[in-house]
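Asks: Starting off with a structure, shown below.
Numbering (my numbering), first residue to last: 654 to 808.
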């Protein structure tokens, strides 16, 4: 397990991330995008309203097959980091690369394709209250145009 501080925020404290993998060389010394690297952040900064520094100079890599766990106190930047990776927000500075998608080059219409390649687990599950569990899980497959008769096997 690898641990590092993402940010030194005197108000909120540091955000840390943990990756779990079979080896500990998750941090390549060069910033090329090797085939096994799935996610790369390089010098990512996010500023809100011109003067609220949310994240400052974040850099790390995550290989395929690793799990990423973000931990930290309230207002430390965890949600902001996740929103940046999913391109729900754009970084003020720096670069985020997820698979073949680059935050500096991606077009707006490509963002849904990026999000289809990533899995996120939310604390509040993000379920639709008037749908049962099956229909909640099947919803994304229906949106993607999957055939109804194959849903049962997939869900």
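Every residue gets a Cβ at the ideal spot worked out from N, C-alpha and C, and that includes glycine.
Mapping DSSP to helix, strand and coil, what is residue 797?
Replies: In the structure shown, residue 797 sits in coil (DSSP, three-state: anything other than H, G, I, E or B).
Asks: Going by C-alpha to C-alpha distance, which of 742, 775, 722 sits closest to residue 759?
Replies: That would be 742, whose Cα lies nearest to the Cα of residue 759.
Asks: Counting only the same chain and skipping the five closest in sequence on each side, list residues whose C-beta sits under 8 Å from that of residue 682.
Replies: Note that residue 682 scores a pLDDT of 42, beneath 50, so its modelled location is shaky; the value from the coordinates is reported in the next line. Answer for residue 682: no residue qualifies.
Asks: Once the 5 residues before and after residue 706 are set aside, which same chain residues still bring their CB inside 7 Å of it?
Replies: Cβ within range, chain order: 700.
Asks: Could you work out which residue in 696, 800, 775, 745 is closest to residue 732 when comparing CA atoms only?
Replies: The residue with the shortest Cα to Cα distance from residue 732 is 775.
Asks: Distance check for residue 778 and residue 727, CA to CA, integer angstroms please.
Replies: The alpha-carbon atoms of residue 727 and residue 778 are separated by roughly 19 Å.
Asks: State yes or no: is the C-beta of residue 717 within less than 8 Å of the C-beta of residue 691?
Replies: Yes; because the gap between Cβ atoms is below 8 Å, this pair is in contact.
Asks: Determine the direct distance from the alpha carbon of residue 712 to that of residue 720, and round the result to whole angstroms.
Replies: Roughly 17 Å between the two C-alpha positions.
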